[in-house]
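> In the working numbering, the protein residues as written are 1 to 295. Yeah, the Cβ is synthetic: ideal placement off N, Cα and C, and Gly gets one too. Below are the structure tokens for one structure; questions will follow.
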């Protein structure tokens, strides 16, 4: 039996002959359904985030696993964690079947390669300190299933996200999340509805995890890496806002701190660089806790 993401939705019979307006309206409605599918699983996402944060807070790594569209969606979320939250790249692993540089025929075929999944789990030494997020629209991708099975056997905390209620992936993970994004407007084209739902769910999940790890203060990205002019200006505004100082003082503190925002806030409030780093260390990098720290 075909998975839900492979079903033919008869509402869209004759789609290729619809007017541009009706064609685009159908695709837009499909995207809206996809985003709406995340709402009912917010509690599940919170549970998953807590499990992930516990492992990462203890020094573990965040591992993303996927193939095809699901894999590239996972890769996109993973690569943004460093710049947005300052999450270290050495604590992020992306297992994308076939790899981003593979040829299209190799990329698509790699999703069936269970031996590749086993080798990568072994090579990365995935274990009990790590958290794994696995994504598959069908929930039955062999590469992804094998990776989750082995990761869980080795003690990792596993989260599964899929768009098929009967997906095996949900059953074998510690935390299974079903996104009811409905059959695709273009049958089987999971780069559309399923991919959108996955991206929204991952955005929400990883942002909550980073918040639990102290990478936000209010709604500000205090773990952000200020790597260009725009981000330098943003960092100055963030430090000035939190430290209640002017832009010049904020910029000076950032310059002294190599543009580490959390350190710069403490420097702007009167601490030396050494003391600011010490307090942040004692506070596990959490700026709010550091600002409330008392000897």
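(1) Please classify residue 281: is it buried, with 16 or more other beta-carbons within 10 angstroms of its beta-carbon, or exposed?
(2) Can you tell me which of the three DSSP states residue 229 falls into?
(3) Is it buried or exposed for residue 111, if we count other Cβ within 10 angstroms and need 16 for buried?
(4) Just to confirm, is the Cβ distance from residue 225 to residue 83 under 7 Å?
(5) Which residue from 22, 36, 158 puts its Cα closest to that of residue 134?
(6) Considering only C-alpha positions, which residue in the set 23, 77, 130 is nearest to residue 51?
(7) Which of the three DSSP states is assigned to residue 32 in this structure?
(8) Does any residue of chain B bring its CB to less than 7 Å from the CB of residue 152?
(9) Considering only residues of the same chain and omitting the five flanking positions on each side of residue 217, which have a CB-CB separation below 7 Å?
(10) Counting Cβ pairs closer than 8 Å, one from the region 51-69 and one from the region 29-40, do we hit at least three?
(11) Considering residue 12, what are the terminal residues of the beta strand (DSSP E) in which it resides?
(12) Provide the residue span of the alpha helix (DSSP H) that contains residue 96, from first to last.
(13) Identify the continuous beta strand (DSSP E) that holds residue 126 and give its terminal residues.
(14) Is it right to say residue 182 is buried, meaning 16 or more other beta carbons lie within 10 angstroms of its own, or is it exposed?
(15) Classify residue 145 as helix, strand or coil using the three-state DSSP reduction.
(16) Relative to the C-alpha of residue 184, which candidate in 197, 115, 207 has its C-alpha closest?
(17) Residue ranges of each beta strand (DSSP E) run of no fewer than 3 residues wholly in the region 170-217, ordered along the chain?
Taking the definition as stated:
(1) The sequence position of residue 281 within the chain shown is 281, counting from 1. The residue is exposed, with fewer than 16 neighbouring Cβ atoms inside 10 Å.
(2) Against the chain shown, residue 229 aligns to sequence position 229. Three-state result, residue 229: helix.
(3) Within the chain shown, residue 111 is the residue found at index 111, counting from 1. Per the 10 Å Cβ criterion, buried.
(4) Locating residue 225 in the chain shown gives position 225, counting from the first residue. Locating residue 83 in the chain shown gives position 83, counting from the first residue. Cβ distance < 7 Å, so residue 225 and residue 83 count as in contact.
(5) By one-based count along the chain shown, residue 134 stands at place 134. Nearest of 22, 36, 158 to residue 134, Cα basis: 158.
(6) Counted from its first residue, the chain shown places residue 51 at position 51. Nearest C-alpha to residue 51: 130.
(7) For the purposes of this step, residue 32 is taken as the residue at position 32 of the chain shown. Note: residue 32 maps to helix in three-state DSSP.
(8) Protein chains in the displayed structure number just one, and chain B is not present.
(9) Locating residue 217 in the chain shown gives position 217, where the first residue counts as 1. Hits under 7 Å: 242, 287, 288.
(10) no
(11) For the purposes of this step, residue 12 is taken as the residue at position 12 of the chain shown. From DSSP, residue 12 is part of no beta strand (DSSP E); its letter is neither H nor E.
(12) Taking the chain shown and counting its residues from 1, one reaches residue 96 at position 96. That residue, residue 96, is in no alpha helix (DSSP H); its beta strand (DSSP E) goes 92-96.
(13) As a first step, residue 126 must be located in the chain shown, where it is residue number 126. No beta strand (DSSP E) contains residue 126, which DSSP labels as neither H nor E.
(14) Translated into positions along the chain shown, residue 182 becomes position 182. Its Cβ being crowded by 16 or more others within 10 Å, residue 182 is buried.
(15) In the chain shown, the residue the question calls residue 145 occupies position 145. Of the three classes helix, strand and coil, the one that applies to residue 145 here is helix, per DSSP.
(16) For the purposes of this step, residue 184 is identified with residue 184 of the chain shown, where counting begins at 1. The option with the nearest alpha carbon to residue 184 is 197.
(17) 175-178
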